[in-house]
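Chemist:
Protein chains: 2
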Amino acid sequence: MAKKRLKAIPLGGVGEIGKNLWVVEFGDDLIVLDCGLAFPEDEMLGIDLVIPDISYLLDNREKVRGIVLTHGHEDHAGALPYVLAQLSAPVYATKLVQGLISVKLKEHRLLGSVEQIVVESGDIVDFGELSVEFIRVAHSIPDAVLVAVDSPVGKLVFTGDFKFDQSPMDGKVTDFARLAELGAEGVLVLISDCTRVEQPGFTPSERVITETFDRVFQAAEGRVLITTFASNISRVQQAIQSAHRHGRKTAVVGRSMESNVAVARELDYLTIPDGALLRVDEVNKLSPDKILYVTTGSQGEPTSVLSRIANQEHRQIKLEPGDTAIISATPVPGNEEAVARTINKLFRQGVDVIYGAESSVHVSGHASREELRLMLNLIRPQFVVPAHGEYRHMVLYKRLAEECGVPASNILMTDIGTVMEFADSFGKITDKVVAGDVLVDGITVGEVGEVVLRDRRLLSKDGVVIVVATVDRQTGMVVAGPDVVSRGFVYARNSEELLEAAKERALQALEVAVPGQAELGLMQSKIKEAVGKFIYEQTRRRPMIMPVVQLM
Amino acid sequence: MAKKRLKAIPLGGVGEIGKNLWVVEFGDDLIVLDCGLAFPEDEMLGIDLVIPDISYLLDNREKVRGIVLTHGHEDHAGALPYVLAQLSAPVYATKLVQGLISVKLKEHRLLGSVEQIVVESGDIVDFGELSVEFIRVAHSIPDAVLVAVDSPVGKLVFTGDFKFDQSPMDGKVTDFARLAELGAEGVLVLISDCTRVEQPGFTPSERVITETFDRVFQAAEGRVLITTFASNISRVQQAIQSAHRHGRKTAVVGRSMESNVAVARELDYLTIPDGALLRVDEVNKLSPDKILYVTTGSQGEPTSVLSRIANQEHRQIKLEPGDTAIISATPVPGNEEAVARTINKLFRQGVDVIYGAESSVHVSGHASREELRLMLNLIRPQFVVPAHGEYRHMVLYKRLAEECGVPASNILMTDIGTVMEFADSFGKITDKVVAGDVLVDGITVGEVGEVVLRDRRLLSKDGVVIVVATVDRQTGMVVAGPDVVSRGFVYARNSEELLEAAKERALQALEVAVPGQAELGLMQSKIKEAVGKFIYEQTRRRPMIMPVVQLM
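Chains A and B, in that order, give the protein sequences. Those letters in the first sequence? Residues 426 to 977, per the numbering used here, in order. Those letters in the second sequence? Residues 426 to 977, per the numbering used here, in order.
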């Protein structure tokens, strides 16, 4: 019998930043590490969310011992309700993470039917032949852990997201001692976050932001607004404390942020001085120099609180000349234009906007190059797998790991669905399983695929022209229509002539092409060809032509 | 009679980066400064280009004495063919600019019918009571000028794009002496580029790129590819020279770049050592370490040469492991995702990609903060107008100008269409004229407006569902259909049931709503309501519902 090996399979989170989901498997025991979603790329028109294809998990459902989460961000925990709708498994995570996911599970009516087990740094949980040790790391949300999976053939360390913040807001620094110990004990494979490998040096501590906030509060005479990611509990903490020191009261505004803050507060992950946090209507009664709003909208999302304020459409908050807005986040790739629009609109209202790399209002939650090196040198793994990055990040991380002495052949470059096997001094890609994107659109999961997206792209480019006609089944004569209707192509009132002429072409196509017979497919394709050609000649555009012929 | 004042009106290029077009007017004499286009924003679905609304020019066409261009970039000269199609005026520009626009005019069949007058730095041209002096500045394309417009009430200086590159590739530095002289003579108003005001310090010289290129050529053992903006003649020059020094031959690939290079070469703005520039099929015969490709595609444009190479679809160029690609440009806001995709794909092919801020492969063509200050201190204008920036850039520039001693009341914050008037110590916004965006889609100019774009956005989000029925005019009975067809909504084969049920709802709506009568509008709205509601309940999505009822 072949010796059993430790398997690791990314079902998401390699070659991409989002939807982190890894399978770790030994014999008959399988655990899931993280369960994240991704936000759609620009070209995924109309899609709300992207989650990993978990066919592999469903095919192996009898082996699944548990789902382990490293922290509470959407790209690590957001797919959980979708996965748990198809697969039953206990969920292991720290207290804050359990609190945050409970909100999601409740929305999906799964709360209560899922076993949620709270763990803390230092805990070790057994899953058959595997066991998982939880070890504290610093990140931009409290209560984040790194996990060390032990197996009969060696240890696998999965970093989740981390940075070596030496002065995190909650005072809980990374457990360096245990990481060094792990390294001394021997680690078979390290799966490392590499998303910020392009950045030299160390990521600054969250604490530098406090200095900026203090400086702004010192100088500001009007209202202050701070926007950040709804999940950035540490940043909200900093904002509230800094405001409090300068005699301001805070209102947190925006559904997702309010619910995160409520959970964090209930579970004691937010320290709020008495009376420092008020409802927005209460804060609005104070003089402007006593007000701080902390809101959603740092990514320019069109329905967020900040976008509505920038459009002067928010019901409760109105900013005025002399007020200050701090954009305490960087735009995620793809959101740059939307964020810039928001900033411009605020400036137009006379608001002073503090934003951008030069102004120390945001730091990343991810490790920069020197921290990635430090992690490698603490863990001293035999094999290394870059994760949580686009392909270019993985390549740059591979080079960095080589510089740290890891042999090139021991660094595995993976794709989604790649099966890696490890044992003793063995570490190789051995197989590939089904994996990929599942698109969530409204309440339908996985029904919108490439064909539908291709049509949406076509429709978005030049619109649609619909040609309708009713034809006598016996004679092939047109008895009603053709009618031509368009949307997203031309403004119909300005283009009556063009559409009239298109109608003519459709009629000719029907008459010339199919005298005395009524073949639906043929008639429709003739209309499509004739009208499409005519419109292209006239406008150099290619709207989607949709002929609908009815027989009677 | 009221004393005549100097008027300045931006018809584009304020509150936005693109489509720079200014009107300067005194009495019966009007000149146009620059004539640029913009590329569409993300939400302008399917639009090819955006040009300024020139209603004001058309209403005042008898006053227009000429169009003056500062340099050959699209955002300063690209709208010229569209404007000249509606308005006849002589065009004044330096030799290279005339060469580049001739290519465009030829494409639009306007070459020969337009009077093109070549000017050079130091020239002064009279336009009635106005005169224009052309003064050399450095930018990322050769032969750029700043213009000083003289009028009976004082001088207006329009910077166009500039940076104070002390060692430009063509050796032609900004004419500092003349700028200082202008300042000493007295300048009424300065209209200044402010697009890079967020950047502290000085923009590095183009020359630093040469060092990077040399370093890469020194080390590279395979093919090298350099991509940059098609108009970046200086960068192409650097690439060819550096390649030549290292024994490589260059092929320039990509339609727009080839045509720019051909013009620049013909007019002696490119110095090419004998035999250094070859056709791509000639270069392909050499060993990889003798090859440089200079290509389009630095913005990830899907049909560009580099994108096709990254997709392994280019007919003549194939990169291999060990080859090097240099992305010698930064992504324009909105293009970040596309550029990242290209880089990732190249890395996946084993190509080493050199990109990003850390690697000194690109410098901006625009002045950073210290250069903007220097321009202010050289020109010492009475009034200042920030231009060529989004609103936030204009605000930051205003603060910078105040720091340089310009009184806040003398800095005018404008919008597109704002009329400013200047005379002696007077400078104010006095009026507003019609101005805005005109969208170019295919060969139609200005026919696609907000209604069409709104429909495209709707279509792109959830697609379209078309419901067709034929109804007897007399009885109101349905004689054919209803048929339901969708695109971009669901994959029809998976959703037959849903579409069948929608058909039922449409039939019910027709029968219940209008027994015994056939009112087209009413029937269509009943279908729309019933089917829309049903689909939203089932899917939580809102495709565009298009009912088409035919009467017979």
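No residue lacks a Cβ here, since even glycine has one placed at the ideal position from N, Cα and C.
Put A/Val439 into one of helix, strand or coil per three-state DSSP.
Modeler: Position 14 of the first sequence, counted from the first residue, corresponds to residue 439 of chain A. A/Val439 falls in the strand class under three-state DSSP.
Chemist: Does the count of Cβ pairs from the stretch 634–654 of chain B and the stretch 816–835 of chain B closer than 8 Å reach three?
Modeler: Because the criterion of three Cβ pairs below 8 Å is not met, the stretch 634–654 of chain B and the stretch 816–835 of chain B do not touch.
Chemist: Please state the DSSP three-state secondary structure of B/Gly957.
Modeler: The residue you call residue 957 of chain B lines up with position 532 of the second sequence. In the structure shown, B/Gly957 sits in a helix (DSSP, three-state: H, G or I).
Chemist: Going straight from the alpha carbon of A/Val974 to that of A/Ile952, what length do you get?
Modeler: The sequence position of residue 974 of chain A within the first sequence is 549, counting from 1. The sequence position of residue 952 of chain A within the first sequence is 527, counting from 1. Each residue's Cα considered, the two are about 9 Å apart.
Chemist: Between B/Ala514, B/Leu482, B/Leu525, B/Gly913, which lies nearest to B/His501 when the distance is taken from Cα to Cα?
Modeler: Sequence index remark: in the second sequence, residue 501 of chain B carries index 76 (1-based). The shortest Cα separation from B/His501 among B/Ala514, B/Leu482, B/Leu525, B/Gly913 belongs to B/Leu525.
Chemist: Under 8 Å Cβ-Cβ, which residues of chain A neighbour B/Leu884?
Modeler: As a first step, residue 884 of chain B is located in the second sequence; it is residue number 459 there, counting from the start. Under the 8 Å cutoff, chain A gives Arg881, Leu884, Ser885, Gly888, Val889, Arg912, Gly913.
Chemist: So which residues of chain A does B/Glu872 contact, with C-beta pairs closer than 9 Å?
Modeler: Locating residue 872 of chain B in the second sequence gives position 447, counting from the first residue. Residues of chain A passing the Cβ test: Val915, Tyr916, Asn919, Ser920, Thr964.
Chemist: Have a look at the DSSP bridge pairing and note the partners of A/Lys580.
Modeler: Locating residue 580 of chain A in the first sequence gives position 155, counting from the first residue. Beta-bridge pairing links A/Lys580 to A/Asp575.
Chemist: Determine the direct distance from the alpha carbon of B/Ala433 to that of B/Glu554, and round the result to whole angstroms.
Modeler: Taking the first residue of the second sequence as position 1, residue 554 of chain B is located at position 129. Taking the first residue of the second sequence as position 1, residue 433 of chain B is located at position 8. Roughly 15 Å separates the two Cα atoms.
Chemist: Between the stretch 498–514 of chain A and the stretch 882–892 of chain A, do at least 3 Cβ pairs fall closer than 8 Å?
Modeler: Taking 8 Å as the limit for Cβ pairs, the verdict is that the stretch 882–892 of chain A does not touch the stretch 498–514 of chain A.
Chemist: Cutting at 7 Å between CB atoms, please list the residues of its own chain near B/Arg963, excluding the five before and the five after it.
Modeler: Mapped onto the second sequence, residue 963 of chain B falls at position 538. The question names Arg, yet the displayed sequence has Gln at residue 963 of chain B. Here the set comprises Leu923.
Chemist: Between the Cα of A/Ala518 and the Cα atoms of A/Arg534, A/His533, A/Gln541, which residue gives the shortest distance?
Modeler: Residue numbering aside, residue 518 of chain A sits at position 93 when the first sequence is read from its first letter. Measuring from the Cα of A/Ala518, the nearest candidate turns out to be A/Gln541.
Chemist: Residues in the same chain with beta-carbon distance under 6 Å from B/Glu827, minus the five sequence neighbours each way, listed in chain order, please.
Modeler: On the second sequence, position 402 is the one that residue 827 of chain B refers to. So the qualifying residues of the chain are Ala833.
Chemist: Are at least three pairs of beta-carbons, each pair with one atom in the stretch 807–815 of chain B and one in the stretch 766–784 of chain B, less than 8 Å apart?
Modeler: No, the stretch 807–815 of chain B does not touch the stretch 766–784 of chain B.
Chemist: Relative to the C-alpha of B/Phe552, which candidate in B/Ile566, B/His533, B/Gly537, B/Ala573 has its C-alpha closest?
Modeler: Against the second sequence, residue 552 of chain B aligns to sequence position 127. Cα-wise, what sits closest to B/Phe552 is B/Ala573.
Chemist: Return the first residue and the last residue of the alpha helix (DSSP H) that A/Ala826 is part of.
Modeler: Counting from one through the first sequence, the residue named residue 826 of chain A turns up at place 401. 816–828 is the extent of the alpha helix (DSSP H) around A/Ala826.
Chemist: For chain B, check one thing: does any of its Cβ atoms lie closer than 8 Å to the Cβ of A/Met977?
Modeler: Locating residue 977 of chain A in the first sequence gives position 552, where the first residue counts as 1. Yes, contact with chain B.
Chemist: Take A/Glu499 as the anchor and find which of A/Glu610, A/Lys428, A/Ser656 has the nearest alpha-carbon.
Modeler: The count along the first sequence starts at 1 and reaches residue 499 of chain A at position 74. Comparing Cα-Cα distances from A/Glu499 to each of A/Glu610, A/Lys428, A/Ser656, the minimum goes to A/Ser656.
Chemist: Classify A/Thr696 as buried or exposed, calling it buried when 16 or more other Cβ atoms lie within 10 Å of its own Cβ.
Modeler: Counted from its first residue, the first sequence places residue 696 of chain A at position 271. Looking at its Cβ environment, which holds fewer than 16 other Cβ atoms inside 10 Å, A/Thr696 is exposed.
Chemist: Among A/Leu581, A/Asp595, A/Gly537, whose alpha-carbon lies nearest the alpha-carbon of A/Val562?
Modeler: By 1-based counting over the first sequence, the position of residue 562 of chain A is 137. A/Val562 has its Cα closest to that of A/Asp595, out of A/Leu581, A/Asp595, A/Gly537.
Chemist: Quick one: does A/Pro625 have its CB under 8 Å from some CB of chain B?
Modeler: Taking the first sequence and counting its residues from 1, one reaches residue 625 of chain A at position 200. Chain B contact via Cβ: present.
Chemist: In three-state DSSP terms, what is A/Gly608?
Modeler: Indexing the first sequence from 1 puts residue 608 of chain A at position 183. Residue state, collapsed to three classes: helix.
Chemist: Taking only beta-carbon atoms, is A/Met426 less than 8 Å away from chain B?
Modeler: In the first sequence, counting from the first residue as 1, residue 426 of chain A sits at position 1. Its pLDDT being 46, under 50, A/Met426 is placed unreliably in this model, and the value from its coordinates should be taken loosely. Chain B, which has no Cβ nearer than 8 Å to the Cβ of A/Met426, makes this no.
Chemist: Could you tell me if A/Lys958 is buried or exposed, where buried requires 16 or more neighbouring beta carbons within 10 angstroms of its beta carbon?
Modeler: As a position in the first sequence, residue 958 of chain A is number 533, starting the count at 1. A/Lys958 is exposed by the Cβ-count criterion.
Chemist: Between the C-alpha atoms of A/Ser850 and B/Asn685, what's the straight-line distance to the nearest angstrom?
Modeler: As a working note, residue 850 of chain A is residue 425 in the first sequence. As a working note, residue 685 of chain B is residue 260 in the second sequence. Roughly 57 Å between the two C-alpha positions.
Chemist: Spatial neighbours of B/Tyr822 within its chain, please: CB distance less than 6 Å, with the 5 preceding and 5 following residues excluded, ordered by chain position.
Modeler: What you label residue 822 of chain B is simply residue 397 of the second sequence in a count that begins at 1. Here the set comprises Cys619, Val622, Pro811.
Chemist: Output, in sequence order along the chain, the residues in the stretch 545–558 of chain B whose CB is closer than 9 Å to any CB in chain A.
Modeler: Correct list: empty, as no residue qualifies.
Chemist: Decide if B/His1015 is buried, meaning its Cβ has at least 16 other Cβ atoms within 10 Å, or exposed.
Modeler: Past the boundaries of the shown model lies residue 1015 of chain B; chain B is included only from 426 to 977, so the question cannot be answered.
Chemist: What's the call for A/Leu483, buried or exposed, on a 16-neighbour Cβ count within 10 Å?
Modeler: Numbered from its first residue, the first sequence carries residue 483 of chain A at position 58. Answer is exposed; the Cβ neighbour count stays below 16.
Chemist: Output the distance between the C-alpha atoms of B/Gly437 and B/Ser617, rounded to the nearest integer angstrom.
Modeler: Taking the second sequence and counting its residues from 1, one reaches residue 437 of chain B at position 12. Taking the second sequence and counting its residues from 1, one reaches residue 617 of chain B at position 192. For B/Gly437 and B/Ser617, the distance between alpha carbons rounds to 14 Å.
Chemist: Put B/Gln663 into one of helix, strand or coil per three-state DSSP.
Modeler: On the second sequence, residue 663 of chain B is found 238 positions in, with the first residue counted as 1. Correct three-state label for B/Gln663: helix.
Chemist: What does the Cβ neighbour count give for A/Lys580, buried or exposed, with the cut at 16 atoms within 10 Å?
Modeler: Counting from one through the first sequence, the residue named residue 580 of chain A turns up at place 155. A/Lys580 is buried by the Cβ-count criterion.
Chemist: To the nearest angstrom, how far is it from the Cα of B/Arg968 to the Cα of A/Arg879?
Modeler: Walking along the second sequence from the start, residue 968 of chain B turns up at place 543. Walking along the first sequence from the start, residue 879 of chain A turns up at place 454. Note on identity: in this sequence residue 968 of chain B is Pro, with Arg being the wrong assignment. Cα to Cα, the separation comes out at about 15 Å.
Chemist: Secondary structure at B/Ile742, three-state DSSP: helix, strand or coil?
Modeler: Here residue 742 of chain B is taken as the residue at index 317 of the second sequence, counted from 1. The answer is coil: DSSP assigns B/Ile742 none of H, G, I, E or B.
Chemist: Could you pull out every residue in the same chain whose Cβ sits closer than 7 Å to the Cβ of A/Met426, ignoring the five residues on either side in sequence?
Modeler: On the first sequence, residue 426 of chain A is found 1 positions in, with the first residue counted as 1. With a pLDDT of 46 at A/Met426, under the threshold of 50, the predicted position of this residue should be treated as unreliable, and no value is reported.
Chemist: When the Cα atoms are used, what is the spatial distance from A/Val719 to A/Gly461?
Modeler: The residue labelled residue 719 of chain A in the question sits at position 294 within the first sequence. The residue labelled residue 461 of chain A in the question sits at position 36 within the first sequence. The straight-line gap from Cα to Cα measures roughly 26 Å.
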